[in-house]
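Chains as they are written, first to last, in UniProt numbering: chain A, 1 to 377; chain V, 1 to 81.
Following this line, the structure appears as structure tokens:
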């Protein structure tokens, strides 16, 4: 079996596994208590915080751990809006943000706030000038932009957006879920969110970093944990494992991510040559190193995913051709590309050229057969 | 510029899920003369994006999408070749 769905979750890094097993034994106590076992848990938690902060380019006291990337986004968006209430109630996001951002924005709207969604190009990229125009609007309390898109891999112009936000005195929340540990975090963020299981850490750990000087106030009931930003008892062993994975991933990144990016390049180049009526979407160069998405005309994406699974490949799809989803992917819709017949390949650490070549060898016949069965001439 | 053209052919894909409306369009566009318009009636939200995307990929022209009173759209496509 070849696992090509790292953008959903990266398999646990061996360093994380070792760290987790060790920390389960020594880091189980409540880090907020005064006795020996607690001091040990506290030490492990703060050590992990420093390590995560260093890799992400933050100060340790700016970093809080959440229970997921989604929770980090929810708390980050709503907490910053809450803290900046006096500056205004307007929120700016791109049209292709993760659903956690868009859902937080919907909650903000239901609560009487306003939201402007900045559109993207055919490749899924935000135009920095359009983003700045939106941010410049009176009463903008927060802007949100992802480092790279989770469905198509396109990188966003975060540095330019951050510069624009700085000019207008607006904090920028950067969602780094798809690139943390793989690429350096772009400078200029006010709030940073990420998810440990996307970089080879365990599930159940997210990161919310709030830059010194950024007004932030949790909208949840008061709780002492995590600088009052995140409620509840920290999962210390999982956080320790997350930090170990991030360090290892970032250390390997220059070589490994370049290698994966070359394999993605090979997929981007080969697919249009071996499959008719196909479009490889997203930015060809300015992209996350491990993600590529293509759309096959006249093909039900779910059927293709099932066939690929039977052939030994785990991939994902933004396709909406199932009864359970009412709307097509908001990302593909915003780009104006096909919303059916999509396959997202996202390569985990260690994915081999052999696996990629096998995938490229079996794909054309599967697509041909599905089209044939659907009566496509 | 508004372009009012009576469709030479109407494809009823109402109630059909993607990619069926596109499959029907790809097959039937060859039945109309060059430069004439095919109307695809569809109510799967995916068709609203997918028909124009198909036009871009196959070098036909998306003329416009018009809401239908009963829900869905009439999506007009001009045959280019």
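For glycine and all other residues, C-beta sits at the position ideal for the given N, C-alpha and C. Please read these numbers as outputs of a predicted model, since none were measured by experiment.
- Contact annotation: residue 78(V) and residue 56(V) have beta-carbon atoms that are not nearer than 8 Å.
- In this structure, DSSP gives residue 34(V) a state outside helix and strand, which the three-state scheme calls coil.
- In the three-state reduction of the DSSP assignment, residue 50(A) falls in the helix class, which pools H, G and I.
- The beta-bridge partner set that DSSP reports for residue 330(A) is empty.
- Not flagged as an interface residue toward chain V: residue 113(A), since no C-beta distance is shorter than 8 Å.
- When beta bridges are read from the DSSP output, residue 132(A) appears opposite no residue.
- Across the region 5-22 of chain V, CB contacts with chain A closer than 9 Å involve 17, 18, 19, 20 and 22, in sequence order along the chain.
- Assignment of residue 146(A) by DSSP, reduced to helix, strand and coil, places it in the strand class.
- If the five residues before and after residue 189(A) are omitted, its C-beta is found closer than 6 Å to the C-beta atoms of 172 and 174, all from its own chain and listed in chain order.
- Not one beta carbon of chain A lies nearer than 8 Å to the beta carbon of residue 34(V).
- Around the Cβ of residue 35(A), a 10 Å sphere holds fewer than 16 other Cβ atoms; the residue is exposed.
- For residue 275(A), the CB contacts under 7 Å within the same chain, skipping 5 residues up- and downstream, are 296, 363, 364 and 367 in chain order.
- Along the region 292-319 of chain A, going in chain order, the ones with a CB nearer than 7 Å to a CB of chain V are 297, 298, 299 and 300.
- Counting C-beta atoms within 10 angstroms of its own C-beta, residue 149(A) has 16 or more neighbours from the protein chains shown and is therefore classed as buried.
- For residue 1(A), the CB contacts under 8 Å within the same chain, skipping 5 residues up- and downstream, are 312, 313 and 314 in chain order.
- If the five residues before and after residue 32(V) are omitted, its C-beta is found closer than 8 Å to the C-beta atoms of 8, 9, 38 and 79, all from its own chain and listed in chain order.
- Each residue's CA atom was taken as its position, placing residue 336(A) and residue 223(A) some 44 Å apart.
- Scanning the region 24-108 of chain A from its first residue to its last, the whole alpha helix (DSSP H) runs of 4-plus residues come out as 36-56 and 69-83.
- Between residue 97(A) and the set 342(A), 124(A), 165(A) and 214(A), the nearest pair of CA atoms involves 124(A).
- For the C-beta of residue 54(V), the chain A residues within less than 8 Å are, from N- to C-terminus, 297 and 338.
- Taking the CA atoms as reference points, residue 27(A) sits about 13 Å from residue 33(A).
- In the three-state scheme derived from DSSP, where H, G and I count as helix and E and B as strand, residue 199(A) is classed as coil.
- Within chain A, no C-beta atom comes less than 7 Å from the C-beta of residue 42(V); the nearest is roughly 12 Å away.
- Under the Cβ criterion (8 Å, minimum of three pairs), the region 37-51 of chain A does not count as touching the region 134-141 of chain A.
- When the beta-carbon positions are compared, residue 66(A) and residue 90(A) stay at least 8 Å from each other.
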